[in-house]
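Student: So the number in this note's numbering is just where the residue sits in the sequence shown, counting from 1, plus 1. Every residue gets a Cβ at the ideal spot worked out from N, C-alpha and C, and that includes glycine. Mind having a look at this structure? Questions to follow.
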Amino acid sequence: MNRLQLIAPDRSSVNLNYESLTIKRYDFDHLLLEQAIRAGTLVLQGTKIVDFIEEKGAIVGVRAKTHDGKEVIIRSDLTVLATGAATPLIKKAHLLETPLPSAFAVRAYHHGELNGFSGQLTIFYERALLPGYAWIFPLGPEVYNIGCSVFLDNVTGRQTPNLRSVFNSFLIRLAASNPSLDLKQLNTSLKGAPLRTGLTGSRLYGDGIMAVGESIGVTYPLTGEGIGKSLESAEVAAEVITEAVYQGDFSSHFLLKYKFLMGARFGRRYRSYASAQRWAKYPFILNFVSDRVRKNVVLRRRIESILDEKQDPTEIFSLWGLVKAFACC
Ligand SMILES: Cc1cc2nc3c(=O)[nH]c(=O)nc-3n(C[C@H](O)[C@H](O)[C@H](O)COP(=O)(O)OP(=O)(O)OC[C@H]3O[C@@H](n4cnc5c(N)ncnc54)[C@H](O)[C@@H]3O)c2cc1C
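Here it is, written out as structure tokens:
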């Protein structure tokens, strides 16, 4: 797809150029798994890690259970935790700093045509969800991913909305202009999960262990994108693991390098997405930005390069960014 439509809280819309690929999560995970197997990974499907094995303060492997209840012990010089936002294993690895997630999201798949939503991504900045949003992403002919996310606001203590009921209200409004929307069928495919964002909430490493992906909060604040970021964190971890194997050193002292590399490459980005998220919770700011962007091609290009991660979101969502946007028109 090459277009993105943003719908502001006042229902005004902005159309942007934005290259994207969409795929059902199941298919994406399957592709990734196939690649991993091709690269030599041994996969134990249906096996659940239940605990870590610790010796002299270092993690030296895991205890796992197969789908039929058999215990499996796997010893290793280094364990990589990649279990997403669920906290039990992060805690057992002594890496958990904040038990609460930063956000929640739900999604459902709609099969059938949706008027006006094919061939582009659509994001709705719904008042009740800000700075979260609802979305409609086409996944192919007559298949759509419809969902919404809400960020927990620990700073102002604002009551977090009930995600399911906001999602239902959103669907009911959507159904008014799309009679093919089958609310019952959507509810049966509804899936939700917590998100950990901003590269916060967990330590990245310990003696004999490194964590990647959402377990270290790599999902972006503001946008809730985490798939690409999880893969990027795994690439950085792989660089450090290669060196650790070469040096034969799996101590936290050596693995500190991972934290430095992550901070140097991505730290600034996470800070600016978190800052932008604080601005995006005000409907009048989103309405203002939407109005300026619609009228001004320079601002439109700026938003497009933010979406392409070529520019910082604080270029728009900061006091200075907003002053510049105001001066632009
Ligand atoms: C509704 C929703 C929509 C989203 N949409 C997008 C999107 O459009 N684009 C985007 O970039 N991001 C999106 N995200 C965020 C994205 O899903 C996450 O950032 C990403 O999946 C994190 O990847 P991960 O590999 O770290 O964790 P996960 O994808 O959560 O994978 C962790 C894996 O570990 C397994 N696991 C957990 N515990 C154990 C255990 N004890 N033993 C063995 N295995 C275990 C889990 O079963 C799971 O397979 C969305 C999130 C939600 C909730």
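Identify every residue that forms a DSSP beta bridge with Tyr110.
Tutor: Start at 1 with the first residue of the sequence shown, and residue 110 comes out as number 109. Tyr110 pairs with Asn146.
Student: With H, G and I counted as helix, E and B as strand and the rest as coil, what does DSSP make of Glu56?
Tutor: What you label residue 56 is simply residue 55 of the sequence shown in a count that begins at 1. DSSP places Glu56 in strand when its eight states are reduced to three.
Student: So what's Gln72 in DSSP terms, helix, strand or just coil?
Tutor: Counting from 1 along the sequence shown, the entry for residue 72 is found at position 71. First, the amino acid is wrong: residue 72 is Glu here, not Gln. Strand, per DSSP.
Student: Per the DSSP calculation, Ala65 is bridged to which residue(s)?
Tutor: The residue you call residue 65 lines up with position 64 of the sequence shown. DSSP output for Ala65 lists Ile50 and Val73 as bridge partner(s).
Student: Using the DSSP secondary-structure output, state which residues sit across from Gln6 in a beta bridge.
Tutor: As a position in the sequence shown, residue 6 is number 5, starting the count at 1. The partner list for Gln6 (beta bridge, DSSP) reads Asn16 and Thr123.
Student: Do you know how far the Cα of Tyr283 is from the Cα of Phe318?
Tutor: For the purposes of this step, residue 318 is identified with residue 317 of the sequence shown, where counting begins at 1. For the purposes of this step, residue 283 is identified with residue 282 of the sequence shown, where counting begins at 1. Spanning the two alpha carbons is a distance of roughly 11 Å.
Student: Within the same chain, show all residues whose beta-carbon is closer than 7 Å to that of Glu226, passing over the 5 residues directly before and after it, in chain order.
Tutor: Position 225 of the sequence shown, counting from 1, holds the residue named residue 226. Thr220.
Student: How many Å lie between Ile124 and Ser252 at the Cα?
Tutor: In the sequence shown, the residue the question calls residue 124 occupies position 123. In the sequence shown, the residue the question calls residue 252 occupies position 251. For Ile124 and Ser252, the distance between alpha carbons rounds to 44 Å.
Student: Which partner residues of Thr220 appear in the DSSP bridge assignment?
Tutor: The residue given as residue 220 occupies position 219 in the sequence shown. According to DSSP, which records beta bridges pairwise, Thr220 is partnered with Thr198.
Student: Would you mind sorting Pro142 into buried or exposed? The rule is 16 or more other CB atoms within 10 Å of its CB.
Tutor: For this step, residue 142 is matched to residue 141 along the sequence shown. Per the 10 Å Cβ criterion, exposed.
Student: Rounded to the nearest angstrom, what separates Gly133 and Pro162 at their Cα positions?
Tutor: Counted from its first residue, the sequence shown places residue 133 at position 132. Counted from its first residue, the sequence shown places residue 162 at position 161. The straight-line gap from Cα to Cα measures roughly 11 Å.
Student: Please state the DSSP three-state secondary structure of Ala265.
Tutor: Translated into positions along the sequence shown, residue 265 becomes position 264. Three-state DSSP puts Ala265 in a helix.
Student: May I ask you to report which of helix, strand or coil DSSP gives Ala275?
Tutor: Here residue 275 corresponds to residue number 274 of the sequence shown, with the count starting at 1. Three-state result, Ala275: helix.
Student: To the nearest angstrom, report how far apart Ile304 and Ser178 are at their CA atoms.
Tutor: Translated into the one-based positions of the sequence shown, residue 304 becomes position 303. Translated into the one-based positions of the sequence shown, residue 178 becomes position 177. Between Ile304 and Ser178, the C-alpha separation is close to 29 Å.
Student: Taking only three categories from DSSP, how would you classify Phe318?
Tutor: In the sequence shown, residue 318 corresponds to position 317, counting from 1. It is coil, neither helix nor strand.
Student: Quick one: Cα of Val167 to Cα of Ala129, how far?
Tutor: Counted from its first residue, the sequence shown places residue 167 at position 166. Counted from its first residue, the sequence shown places residue 129 at position 128. Their backbone Cα atoms lie some 7 Å apart in a straight line.
Student: Give every residue of the same chain whose Cβ lies closer than 7 Å to the Cβ of Leu223, excluding the five residues on either side of it in the sequence, and list them in chain order.
Tutor: As a working note, residue 223 is residue 222 in the sequence shown. Only Pro132, Tyr274, Ala277, Gln278, Ala281 and Pro314 meet the Cβ criterion.
Student: Taking 7 Å as the cut-off, is the beta-carbon of Gly133 closer than that to any non-hydrogen atom of ligand 1?
Tutor: Within the sequence shown, the letter at position 132 stands for residue 133. Flag unset: Cβ of Gly133 not near ligand 1.
Student: I'd like to confirm something about Val151: is its beta-carbon nearer than 7 Å to some heavy atom of ligand 1, or not?
Tutor: Numbered from its first residue, the sequence shown carries residue 151 at position 150. No.
Student: For Tyr134, name the three-state secondary structure that DSSP assigns.
Tutor: As a working note, residue 134 is residue 133 in the sequence shown. In this structure, Tyr134 counts as coil in the three-state DSSP scheme.
Student: Comparing C-alpha positions only, which one of Asn3, Tyr247, Pro195 and Leu320 sits nearest to Arg139?
Tutor: Reading the sequence shown from its first residue, position 138 is the one you call residue 139. Arg is not the amino acid found at residue 139; the sequence shown has Pro there. Looking at the Cα atoms, Asn3 is the closest of the given residues.
Student: Between Gly322 and Leu7, what straight-line distance do the alpha-carbon atoms span, to the nearest angstrom?
Tutor: Translated into the one-based positions of the sequence shown, residue 322 becomes position 321. Translated into the one-based positions of the sequence shown, residue 7 becomes position 6. Taking the straight line joining both Cα atoms gives about 19 Å.
Student: Among Lys325, Ile307 and Leu320, which one has its Cα closest to the Cα of Leu5?
Tutor: Within the sequence shown, numbered from 1, the residue matching residue 5 stands at position 4. Of the listed residues, the one whose Cα sits closest to Leu5 is Ile307.
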